[in-house]
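Chains as they are written, first to last, in this note's numbering: chain X, 1 to 456; chain Y, 457 to 881.
Following: one structure in structure tokens, then a few remarks.
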């Protein structure tokens, strides 16, 4: 039904376009027009199509709410004396039955109400078709009377276009608002169940909710410190790998390497940046984690099967191209005069790099590192596949730790109820993650901005 | 004098040594990064190439019409409903009369994949006149047998730890000697949906899921991205609001992907009621992530269009909107497409947000619209990687190879676009 209706509206708009254009062309042979004939056509078509489609969307959005209320009233008047939860369950059953999902319900009231709902839905659908088609044709008839020599059709069309452009550019803001609101809203609900002090300062994280009241960790424990510490530990290992390797390769590329060598090796390094993170995760779980474990056992260390070290190492590899390309840009931005001055004083190349170029590029390098850390903290798949699930308050990279992102994934995979703290804890963790990465990004961008002003 | 000279030379030597060392560190760093690339690719390739072929076993089957209770004249429906699994089992057991006990028979039958049933059905349906004849047919081996043949699981260990039993191993060797064990191209991998049996599991469902999600992502983010870029670059007044929008776009590009998953769950699924697990929901979330990339790319290309073109069009009496739509945008479109392809390539590899909105459905049928439950390629990789069965390891790696091929192709396309439409003013 829906696609046909859209096609019909499209057809009406199209015919509006042709009619309007034809009328305007006829007029044009007699007098001078303000707008070209096709703008009259566009004007009719757009004003016909857009409001009608909006009307359809509004209708489909409001219909379930309205019908739900009607059904509820019907249930209430027929049965009387039911608890709110009963109503919720019954409306759900009615909805499923009306949608054709057979549940084997025998309750005559529910069957009857489902029948009512189905007929209501049907009449609503049909009246939507009639109303919207009439609406579209009415607008078309009205807009066609507007075609006249002095009518500024182009302005009308451009106004619509302009609003589309503006609305599109606000999508980014709407997304951010959506992120912030959904995180904050759900986090508040979480803190209604779990005290915020426990979340921020507690040392134990057991998100499992007990099935029986007498089970261990019956209430669940929501101290996020071990989760944060695990995140920091893995990010630290990752930065230990990516920092030196990324920075040194950036230095080598920009100061030593011949263009030919750059041409060959840089694209290969860029492969690392394009590989999906789930691939790194598979690599970490399949190859590197056993390797780290066997290596550890060979030198007499007790390494767990899923260790922070393995996840961190692979994450470090993932971040290398990020650091190297960002640092490369900053190092290249250091003016040649600084290098020439240093060479003129008799410094070797490495002395120049260490004592002139790096200090000059330091703010940029710092911001590159901050962006890399923010990326490491927010990375999900590698740690979900190669790090552990148990929150473990430790600084030993050979142990199994968990991270913020892993806990979010664990809490939200599968069927969730949005009124238990396990599900809601994901949003609290997400809020912390969002704030931390936002701060890192904003500070990093601010540093870059400030630094740029120095040489430009 | 000589003392000072000597000290000088020693100092110089030291400095040159430091120079050489520093250079070496740089080389080592690059070597380390490159070897990581090669190690990674090598691991994936060696783990995954064997998934493209499958072990099959030849077996004689008597297509007994009496057992099936059909005749060549039966209708297709009757033919399709007959008990082919029973027929296959009966034949396999009769072909190996030396195997008597129940558990041994079960072992024997379990050497073949479940697909034997559908293979037989398809054969009879395509040619009912074969009923009553005896055919030598190739059947897919089950996954444990397959891993043993490929050498992916060890065979010289005690029975309890081996994936196949002693009997199965003996039979396998016997059949190999009779050259009844062969291999075939793994067509299932590209034509079928997911399955609990590694030998039958395919990537087609995930490919379709990714295709629909990327299509939705493109349909939303491409026009929106271009529109936003045009507004910001060509029309927006320089004020507080546009500044906030710009900062926002840059920040959005750096928000961790899992946060978008939370957004999708709370707003797109729970608030707007988009159906869970569908490519539609996945595509919407991915489009929000891709939008900043496209906006940034499109703005860069719009900026590169020289002002003289705009002034020329304005001088001819075009309205600002006409200038942009008729003159500037066509020139900027190729560059924007390049950015869009790169953005879509990123979206193709994104996993975490899709996990959040439930795009990890176990889908046997291949989704034909963005409103059906589906998994996406990287999510399929995650699901298979978490499977404990050994047969899924090679499938996971092979699926990764497929993703990488797509990524290479997309990036190649972007490079070709850039080269072809590169314009210098």
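We treat Cβ as the ideally placed atom computed from N, Cα and C, and that holds for glycine.
Out of the options, which has the shortest C-alpha to C-alpha gap to residue i?
i	options	result
residue 670 (chain Y)	Y:734, Y:641 and Y:612	Y:734
residue 119 (chain X)	X:247, X:67 and X:399	X:67
residue 22 (chain X)	X:405, X:44, X:115 and X:58	X:44
residue 885 (chain Y)	Y:581, Y:719, Y:490 and Y:579	The structure shown does not extend to residue 885 (chain Y), since chain Y spans only 457 to 881, so no value can be given for it.
residue 431 (chain X)	X:420, X:181 and X:110	X:181
residue 279 (chain X)	Y:860, Y:561, Y:692 and Y:721	Y:860
residue 126 (chain X)	X:333, X:444, X:318 and X:56	X:56
residue 373 (chain X)	Y:831, Y:839, Y:725 and Y:711	Y:711
residue 742 (chain Y)	Y:806, Y:537 and Y:764	Y:806
residue 141 (chain X)	X:74, X:164 and X:19	X:19
residue 499 (chain Y)	X:436, X:302, X:79 and X:286	X:286
residue 115 (chain X)	X:438, X:236, X:412 and X:94	X:94
residue 272 (chain X)	Y:476, Y:575, Y:488 and Y:475	Y:488
residue 586 (chain Y)	Y:631, Y:601, Y:612 and Y:526	Y:526
Could you give the C-beta distance for residue i and residue j, rounded to a whole number, given that I count them as a contact under 8 Å?
i	j	result
residue 493 (chain Y)	residue 268 (chain X)	6 Å
residue 833 (chain Y)	residue 855 (chain Y)	7 Å
residue 399 (chain X)	residue 308 (chain X)	7 Å
residue 597 (chain Y)	residue 849 (chain Y)	The pair is not a contact, with the Cβ atoms about 17 Å apart (cut-off 8 Å).
residue 756 (chain Y)	residue 169 (chain X)	The Cβ separation is near 16 Å, so there is no contact.
residue 352 (chain X)	residue 383 (chain X)	Going by Cβ atoms, the distance from residue 352 (chain X) to residue 383 (chain X) rounds to 39 Å, so no, they are not a contact pair.
residue 747 (chain Y)	residue 677 (chain Y)	5 Å
residue 386 (chain X)	residue 310 (chain X)	5 Å
What does residue i pair with, by DSSP beta-bridge criteria?
i	result
residue 510 (chain Y)	Y:640
residue 280 (chain X)	Beta-bridge pairing links residue 280 (chain X) to no other residue.
residue 592 (chain Y)	Y:516
residue 205 (chain X)	X:222
residue 597 (chain Y)	Y:568
residue 664 (chain Y)	Residue 664 (chain Y) pairs with nothing; no bridge assigned.
residue 831 (chain Y)	Y:816
Chain X beta carbons: is any one of them nearer than 7 Å to that of residue i?
i	result
residue 878 (chain Y)	no
residue 505 (chain Y)	no
residue 471 (chain Y)	yes
residue 678 (chain Y)	no
residue 707 (chain Y)	yes
residue 459 (chain Y)	no
residue 810 (chain Y)	no
residue 715 (chain Y)	yes
residue 807 (chain Y)	yes
residue 722 (chain Y)	yes
residue 475 (chain Y)	yes
residue 463 (chain Y)	no
Nearest chain Y C-beta to residue i closer than 7 Å, yes or no?
i	result
residue 274 (chain X)	yes
residue 9 (chain X)	no
residue 378 (chain X)	yes
residue 139 (chain X)	no
residue 269 (chain X)	yes
residue 94 (chain X)	no
residue 130 (chain X)	no
residue 217 (chain X)	Note that residue 217 (chain X) scores 48 on pLDDT, short of 50, meaning its location in the model is unreliable and no value can be drawn from it.
residue 150 (chain X)	no
residue 73 (chain X)	no
residue 451 (chain X)	no
residue 15 (chain X)	no
residue 26 (chain X)	no
residue 307 (chain X)	no
residue 172 (chain X)	yes
residue 166 (chain X)	yes
Of all the alpha helix (DSSP H) runs that stay within the bounds of the region 686-743 of chain Y, which reach a length of 4 or more residues? Taken in chain order, the whole alpha helix (DSSP H) runs of length 4 or more contained in the region 686-743 of chain Y are 696-708 and 713-719.
Query - Contained alpha helix (DSSP H) runs [length at least 4] in the region 235-319 of chain X, N- to C-terminal order - result: 259-274, 277-283 and 289-298
Within the region 401-446 of chain X, note down every full alpha helix (DSSP H) run reaching 4 residues or more, in order along the chain. Unbroken alpha helix (DSSP H) stretches of 4 residues or longer found wholly inside the region 401-446 of chain X: 404-412, given in chain order.
query = Hey, which unbroken runs of the alpha helix (DSSP H) at 4 residues or more fall wholly within the region 6-86 of chain X?
reply = 37-79
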